[in-house]
Structures are given as C-alpha cells and as structure tokens.
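Beneath this line is the structure, given in structure tokens, with notes to follow.
Residue numbers (full-length UniProt numbering): 1 to 174.
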C-alpha cells in the first residue's frame, strides 16, 4: 500500500470518528437545555381544589362539551381561574395550555373560539386566554377560557398549565 493510499484511508477513518464526536460536543448544551425545559414534575389538582403555581392560585372551574364541526369531534371549553399572588413570577415566561385524555393523547387550544362556543358558552368566548397574563395585578382574579377540538369519544380529560418560569413543574387540573 502506498503512503498516499494509507493517508486516504486513515483520513476517512478519522472522519468517521471525529465527525460524530464534533456533532455531540456542539449540540450537548442544546440537548441539556431542551431536557431541562421538558415538563417533568406534574402537580395534580383535583376538581374543585386550588393550587399555588407560578405566582397564582389556579383552579379549573369547568370543562364543557359542545358539538364539533364534524360528527366525530367535540369542542371542549376549559374554564379556569388564576388568583394572582406574584405578578412578576406569573409573567416570567409564556403560558402553555394543553388538554390530555386518559389514553395520553394531547391537544393544543384552537386559535379562536368558533360560533359553537359563542352560542353554547357566550361568557367563555369573551374570557381572555392564558397568554393574557401580561396585565396581571396582585390580588386580582383572572378568569380564562381555552377551546379544544377533540374526538367525540375522548374521556378522562385533564387540563395542563405550564408557565415558562416554573418549568419543569406544571399543573394538571382534573
């Protein structure tokens, strides 16, 4: 084997080892940050109870089913309250809401409440959404509502609330 050929194969072998190692080294911080930001510590709140979380006392006030746009879907209007205790902590990060069923399926809120919500739960259609926490004042109660489109047979629904500044903990309102 000539020295030129030997260098070629050594370079190719080194590339196979060095390239994956460089990718791991350069992405390690991103992977660590991503892992830390994942929701890992649920705080389960039974129906009718309130729980302190991220600068407020949170309580689920209702999960209402309304007819969906198609026969096999239904709209869920989740209504919940937050009594503000620490506005700075409450506004420390974005608010994220999700609805989960007993099978582990997860849905995000629809962008705007539809006509069915305005007809079936007009008071809920006018309530602010979770992202409206920027105007939170100490001692005030913020009544919020989110709408979800889910399969008609979805059961055992729970509402998850997470605030960026309180992660990895999050609320599970039953």
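The beta-carbon is built from N, C-alpha and C at its ideal position, and this holds for glycine as well.
Local conformation of residue i per DSSP, three classes
| i | result |
| --- | --- |
| residue 7 | helix |
| residue 67 | strand |
| residue 91 | coil |
| residue 21 | helix |
| residue 27 | helix |
| residue 112 | coil |
Counted within 10 angstroms of its Cβ, other Cβ atoms place residue i as buried (16 or more) or exposed
| i | result |
| --- | --- |
| residue 113 | buried |
| residue 77 | buried |
| residue 25 | exposed |
| residue 121 | buried |
| residue 91 | buried |
Presumed contact (8 Å Cβ cut-off) between residue i and residue j, rounded CB distance
| i | j | result |
| --- | --- | --- |
| residue 155 | residue 81 | Actually they are not in contact, since the Cβ atoms of residue 155 and residue 81 sit about 24 Å apart, beyond 8 Å. |
| residue 117 | residue 75 | 6 Å |
| residue 160 | residue 150 | Not quite, the Cβ-Cβ distance comes to about 14 Å (not below 8 Å), so this is no contact. |
| residue 170 | residue 43 | 7 Å |
Per DSSP, the bridge partner or partners of residue i
| i | result |
| --- | --- |
| residue 59 | 81 |
| residue 41 | 169 |
| residue 151 | 73 |
| residue 107 | 99 |
Subject >> Contact the segment 44 to 55 vs the segment 89 to 99: 3+ CB pairs below 8 Å >> reply: In short, these stretches touch, since the Cβ pair count reaches three.
Subject >> Given 8 Å, three or more beta-carbon pairs between the segment 60 to 67 and the segment 127 to 137 >> reply: Below 8 Å, too few C-beta pairs join the segment 60 to 67 and the segment 127 to 137 to call them touching: fewer than three.
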